[in-house]
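Enquirer: In terms of numbering that gives the first Met the number 0, the first sequence is residues 0 to 322.
Can you keep this structure in mind? I'll have questions shortly.
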Amino acid sequence: MPELPEVEVVRRGLARWVTGRRIDDVEVLDPRSLRRHALGPEDFRSNLAGYRVTDVVRRGKFLWMPLGEPSPDAEPVNGGSPVALMAHLGMSGQLLIEDPGAPDEKHLKVRLSLCTATDDDGKSLPGELRFIDQRIFGGMFVTSLQPTADGKAGGRGSSGLPLIPREAAHIARDPLDPAFSFENFFARVRVRRSGIKRALLDQGLISGIGNIYADEALWAAKLHYARATDTLRRSEALRLVNACRDVMTRALDAGGTSFDSLYVNVNGASGYFERSLEAYGRTGRPCRRCALTGRKSLIRRDTFMNRSSFSCPRCQPKPRPRA
DNA sequence: CATTCGTCCTGATAGC
DNA sequence: TGCTATCAGGACGAAT
0 MPELPEVEVV
10 RRGLARWVTG
20 RRIDDVEVLD
30 PRSLRRHALG
40 PEDFRSNLAG
50 YRVTDVVRRG
60 KFLWMPLGEP
70 SPDAEPVNGG
80 SPVALMAHLG
90 MSGQLLIEDP
100 GAPDEKHLKV
110 RLSLCTATDD
120 DGKSLPGELR
130 FIDQRIFGGM
140 FVTSLQPTAD
150 GKAGGRGSSG
160 LPLIPREAAH
170 IARDPLDPAF
180 SFENFFARVR
190 VRRSGIKRAL
200 LDQGLISGIG
210 NIYADEALWA
220 AKLHYARATD
230 TLRRSEALRL
240 VNACRDVMTR
250 ALDAGGTSFD
260 SLYVNVNGAS
270 GYFERSLEAY
280 GRTGRPCRRC
290 ALTGRKSLIR
300 RDTFMNRSSF
310 SCPRCQPKPR
320 PRA
């Protein structure tokens, strides 16, 4: 389940292996992965073939690769209306860099053939970028980038504003982004009438957090998932945001969280943060924090928002029903 | 208007 | 053995 750390691991891999390379050919094996590309697979192909990947940018869980003219030194395409290849991994999406000879994966959806290239040691780089997706919640599409008034990061337009695909313009900054504003987040949380986990999962409020890291951050901050947003104290919100930062930073350092082969980096390797999870998936096992003080409580699993929520009954007590 | 819910998907696994 | 039910969940449009 790719969340911020997993998507960022993929972004870094792509930046290393794909930046500067030209897309020579595009093969769409399953058009369902192009659902968000309204004009269809052939249009998708013609928008990519011949263009060069100039960068790899992330906003929340969205990734995009701005495209430049075939020549690396040429002016930007479309004179100020640049185009990008967007990707979202959804539940089970993978972006893999592979040799063309590697056997097709069972759920291979899109194959991008890249121009030949060599690394610093003169060794040739793998020639394909593949999009694989078992559950098809993810996808790819080509879109234009537009200047969006929202801090920094990402490519810059002539206006000095960051260039963001329209489809990601509503996505908030993530808590690891230098442009993330805690004051803005706290102000928006306080006026909501909802539960704190709902707020954490709302990508328009704070991005990059999914079910796993939401539960981990709530556990670390000792907050119950249903805690009313309009009663949240400033200190609690700060504790929570810092917990998000801490858990996602550690997960990033570990290469992400993998439960199986569904999440892998661009080279197919799994991360190993799963062993560090304190709440997610630990139903019936002891809360390690309580155990440290000699108390015993077992992680519970509740159904909430049509998904699982894991928490400690002792250090994350259920809040009183709102007045 | 803000908030919540249903839907899209496939495969692993449990239970009978 | 082979069937069905359940679970996993990000994002978005629909419903409340």
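We treat Cβ as the ideally placed atom computed from N, Cα and C, and that holds for glycine.
As the structure is a computational prediction, the values presented were derived from the model and not from experiment.
#1: If we count the other Cβ atoms within 10 Å of its Cβ and call it buried at 16 or more, is GLU2 buried or exposed?
#2: Below 8 Å, can you find three or more Cβ-Cβ pairs linking the stretch 111-129 to the stretch 158-173?
#3: Which runs of the alpha helix (DSSP H) at least 4 residues long sit entirely within the stretch 237-312? Give them in chain order.
#4: For ARG25, which of ALA253, LEU94, GLY194, GLU127 has the nearest alpha-carbon?
#5: Mind checking who PRO146 pairs with in its DSSP beta bridge?
#6: Which partner residues of VAL52 appear in the DSSP bridge assignment?
#7: Between LYS151 and the rest of its own chain, which residues show a CB-CB distance below 8 Å, the 5 nearest in sequence each way excluded?
#8: Answer yes or no: do ARG10 and ARG57 have a C-beta to C-beta separation smaller than 7 Å?
#9: Have a look at the DSSP bridge pairing and note the partners of ARG110.
#10: Looking at the structure shown, is SER234 part of a helix, part of a strand, or coil, going by DSSP?
#11: Using the Cα positions of ASP214 and PRO81, report the straight-line distance between them to the nearest angstrom.
#12: Using a threshold of 7 Å, state whether the C-beta atoms of VAL6 and LYS60 are closer than that.
#13: Figure out for me which residue from ARG319, ALA290, ALA225 has the closest Cα to the Cα of MET304.
#14: Tell me, to the nearest whole angstrom, how far the beta carbon of LEU95 is from that of VAL246; I am working on the premise that it is less than 8 Å.
Expert: Once the coordinates are examined:
#1: Counting Cβ neighbours within 10 Å, GLU2 comes out buried, since at least 16 surround it.
#2: The stretch 158-173 and the stretch 111-129 do not touch, with fewer than three beta-carbon pairs separated by less than 8 Å.
#3: List check, alpha helix (DSSP H) in window: 287-291.
#4: A small fix is needed here, since residue 25 is Val in this sequence, not Arg. Here the closest residue by C-alpha is GLU127.
#5: In the DSSP assignment, the residues bridged to PRO146 are LEU162.
#6: Assignment of beta-bridge partners to VAL52 by DSSP yields LEU66.
#7: Residue placement at LYS151 is poorly supported in this model, since its pLDDT is 39, which falls under 50; the coordinates are not used for a value here.
#8: ARG57 is positioned such that its CB atom lies closer than 7 Å to that of ARG10.
#9: Under DSSP, the beta-bridge partners assigned to ARG110 are GLU26, ARG129.
#10: The three-state reading of DSSP puts SER234 in helix, counting H, G and I together.
#11: Cα to Cα, ASP214 sits roughly 38 Å from PRO81.
#12: When the beta-carbon positions are compared, VAL6 and LYS60 come within less than 7 Å of each other.
#13: For MET304, the closest C-alpha among the options ARG319, ALA290, ALA225 is that of ALA225.
#14: Incorrect: roughly 26 Å between the Cβ atoms, too far for contact.
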